[in-house]
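K.L.:
According to this note's numbering, the stretch in the sequence shown is residues 81 to 428, in order. Idealized CB from N, CA, C, for every residue including glycine. Can you read through this structure? Questions will come right after.
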Amino acid sequence: MVSSTMLVAYLIIQVRLQTPLNTGTTLLELSLLATLLPVTCLLVYAFPDNGVNSKSMFLYALVVVLFMVWAQLIVSHFHAGGFESWSEGILFTVRDFSKLPFVLVLYSLCLLGLTAILVLVYNRSIDVVVYSAILLASSTFTFFDVQYISSTMFSLSGTLIIIYVMSASHDMAFNDQLTNIPGRHALEVDMKHLGRKYSMAMVDIDHFKTFNDTYGHDIGDDVLKLVARLITETGGGARAYRYGGEEFTIIFKGKYADQVKADLQALISDIQNYDMIIRNTHERPDDHEVGMKKRGQSSNPTEVVNVTVSIGVSDSTTTKHPEEVLKLADNALYKAKETGRNKLIVSN
81 MVSSTMLVAY LIIQVRLQTP LNTGTTLLEL SLLATLLPVT CLLVYAFPDN GVNSKSMFLY
141 ALVVVLFMVW AQLIVSHFHA GGFESWSEGI LFTVRDFSKL PFVLVLYSLC LLGLTAILVL
201 VYNRSIDVVV YSAILLASST FTFFDVQYIS STMFSLSGTL IIIYVMSASH DMAFNDQLTN
261 IPGRHALEVD MKHLGRKYSM AMVDIDHFKT FNDTYGHDIG DDVLKLVARL ITETGGGARA
321 YRYGGEEFTI IFKGKYADQV KADLQALISD IQNYDMIIRN THERPDDHEV GMKKRGQSSN
381 PTEVVNVTVS IGVSDSTTTK HPEEVLKLAD NALYKAKETG RNKLIVSN
């Protein structure tokens with residue numbers, strides 16, 4: 081969405097804003113573009129589904145068209161509306177600094193500050209894209225009289241958007257979106273660069289399907305995220321991956337199975353002793369005001385539950401092929417589940 085907006089803005093600059101700013105409606109059109117472009121960039125937050133064929137994309141394009149029609153109406157009624165002296169008063173310019181009205185310079189700085197806060201707080205790809213687009217577009221409008229400013233800034237913006245899209249695609253391919261840890265694809269890549277000394281562990285949440293059926297998929301997702309977080313906190317230089325479903329894989333580079341047993345036992349203990357508090361949402365009032373009045377009361381009973389995991393581990397002393405080491409760890413995992421669960425089995 082942002083890339084299409086920036087492309088439209090650049091076309092407008094090339095078609096409409098190539099005459100001196102002090103002639104006709106050029107400065108007015110530049111000011112309108114400087115006002116509306118940052119808003120259209122921020123509008124992407126209102127349309128999270130940004131697929132090319134999505135309804136959100138259509139609605140976003142409709143809003144952009146409406147902005148363009150509104151701006152064109154103002155420009156077409158420039159003389160009839162008495163806008164000849166529009167740059168006087170509150171829309172004054174500080175010509176030694178910028179040809180753009182000073183209030184629009186301040187407006188751009190405020191939006192830059194807002195988007196910078198979003199980047200610092202959330203640091204999502206979309207936040208960085210919007211911030212970069214507004215920064216480079218605002219720089220173009222503020223210093224519009226500088227030669228080649230628009231082509232330079234908008235080309236840089238396009239390049240950055242491509243980089244961010246590639247980065248986001250990489251994250252989607254290699255990271256598990258639910259647990260925010262590397263996924264199976266990342267595991268397969270890293271298995272090619274393990275060296276000669278390493279161990280691999282397979283982790284499975286015990287009775288997860290029953291837990292899911294009892295408490296619901298939302299609570300099940302919370303369990304997956306909890307276990308993933310605790311696995312990432314495992315000592316011994318552990319690197320965690322979500323293998324699939326309720327299974328996780330841990331790689332210990334430079335260590336054999338006997339050297340990581342204590343860390344894995346500690347992980348089992350940490351997960352077993354972690355108390356999860358589940359609220360009874362079925363008795364929660366549908367009316368928001370009623371819920372606010374009852375907040376703090378014991379109308380929604382809670383339940384404390386615990387989950388356990390079984391772990392199988394193997395290392396490179398058994399075989400030099402990582403795929404076989406992983407298979408042996410998986411076999412050890414199933415042996416742990418068959419012999420009581422909530423335990424660690426080391427592959428022989």
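According to DSSP, simplified to helix, strand and coil, what is proline 61?
P.N.:
Nothing in the structure corresponds to residue 61, since the chain is present only between 81 and 428.
K.L.:
Pull up the distance between the alpha-carbon of lysine 335 and that of valine 88, whole angstroms please.
P.N.:
When rounded, the distance between both Cα atoms is 56 Å.
K.L.:
If you drop the 5 nearest sequence neighbours on each side, which residues of the same chain put their C-beta closer than 7 Å to that of phenylalanine 254?
P.N.:
Cβ neighbours of phenylalanine 254 beyond the five flanking positions: Pro262, Gly263, His265 and Ala266.
K.L.:
What is the residue span of the beta strand (DSSP E) that methionine 282 lies within?
P.N.:
Counting along the chain, the beta strand (DSSP E) containing methionine 282 begins and ends at 278-285.
K.L.:
Tell me, please, which residues DSSP counts as bridged to alanine 318.
P.N.:
BP columns for alanine 318 point to Phe332.
K.L.:
Answer yes if the region 116-128 comes into contact with the region 194-211, meaning at least three C-beta pairs across the two stretches below 8 Å, and no otherwise.
P.N.:
Yes: at least three Cβ pairs fall under 8 Å.
K.L.:
Closest to serine 84 by C-alpha separation, out of Val387, Ala337, Leu123 and Tyr414, would be which residue?
P.N.:
Looking at the Cα atoms, Leu123 is the closest of the given residues.
K.L.:
Can you tell me whether DSSP reads serine 396 as helix, strand or coil?
P.N.:
Coil.
K.L.:
Give me, in chain order, the residues of the same chain whose beta-carbon lies closer than 6 Å to that of alanine 416; leave out the 5 immediate sequence neighbours on both sides.
P.N.:
Closer than 6 Å at the Cβ level, and outside the excluded window around alanine 416, lie Ser390, Gly392, Lys423 and Ile425.
K.L.:
Just grab the DSSP bridge partners of glycine 324 for me.
P.N.:
DSSP lists Glu327 as partners of glycine 324.
K.L.:
Mapping the DSSP letters down to three states, classify asparagine 102 as helix, strand or coil.
P.N.:
Residue state, collapsed to three classes: coil.
K.L.:
In or out: tyrosine 323 buried (at least 16 other Cβ within 10 Å) or exposed?
P.N.:
Its Cβ being crowded by 16 or more others within 10 Å, tyrosine 323 is buried.
K.L.:
Might you give, ordered along the chain, the residues of its own chain that have their beta carbon closer than 8 Å to the beta carbon of histidine 368, omitting 5 neighbours on each side?
P.N.:
At histidine 368, the pLDDT of 49 sits below 50, so the modelled position is not reliable and the matter cannot be decided from this model.
K.L.:
Quick one: using the 10 Å Cβ neighbour count with 16 as the cut-off for buried, is tyrosine 125 buried or exposed?
P.N.:
Exposed: under 16 other Cβ atoms inside 10 Å.
K.L.:
I'd like to know whether the C-beta atoms of methionine 282 and glutamate 326 end up nearer to each other than 8 Å.
P.N.:
No, they are not a contact pair.
K.L.:
Okay, do the region 340-350 and the region 284-292 touch, 3+ Cβ pairs below 8 Å being the bar?
P.N.:
Verdict: no, contact absent.
K.L.:
Measuring straight from C-alpha to C-alpha, what distance separates arginine 364 and tyrosine 295?
P.N.:
Summary for arginine 364: the model assigns pLDDT 47, below 50, so the residue's position carries little reliability; its value from the coordinates is reported in the next sentence. So the alpha carbons of these two residues sit roughly 15 Å apart.
K.L.:
Got a sec? Which residues, its chain only, sit under 8 Å from leucine 406 by beta carbon, not counting five neighbours each side?
P.N.:
The answer, listed in chain order, is Met271, Met280, Met282, Thr329 and Ser394.
K.L.:
Once you ignore the five residues that flank asparagine 353 on each side, which residues in its own chain have a CB closer than 8 Å to its CB?
P.N.:
These residues qualify, in order along the chain: Asn386.
K.L.:
Which residue from Val143, Lys179, Ile299 and Val307 puts its Cα closest to that of glutamate 383?
P.N.:
Residue Ile299 is the option with its Cα nearest to glutamate 383.
K.L.:
Spell out the partners DSSP gives methionine 246 in its beta bridges.
P.N.:
Its beta-bridge partners do not exist; DSSP assigns none.
K.L.:
Which residue's Cα is closest to the Cα of aspartate 284: Lys135, Leu192, Ala412 and Val145?
P.N.:
Closest option to aspartate 284, Cα to Cα, is Ala412.
K.L.:
Quick one: what does DSSP say serine 390 is sitting in, helix, strand or coil?
P.N.:
Reduced to three states, the DSSP call for serine 390 is strand.
K.L.:
Quick one: what does DSSP say threonine 419 is sitting in, helix, strand or coil?
P.N.:
In this structure, threonine 419 counts as coil in the three-state DSSP scheme.
K.L.:
In angstroms with no decimal places, state the Cα-to-Cα distance between leucine 306 and glutamate 403.
P.N.:
For leucine 306 and glutamate 403, the distance between alpha carbons rounds to 27 Å.
K.L.:
Within 10 angstroms of its Cβ, does isoleucine 331 collect 16 or more other Cβ (buried), or is it exposed?
P.N.:
Label assigned to isoleucine 331: buried.
K.L.:
Got a sec? Which residues, its chain only, sit under 8 Å from glycine 420 by beta carbon, not counting five neighbours each side?
P.N.:
Same-chain partners within the cutoff: there are none.
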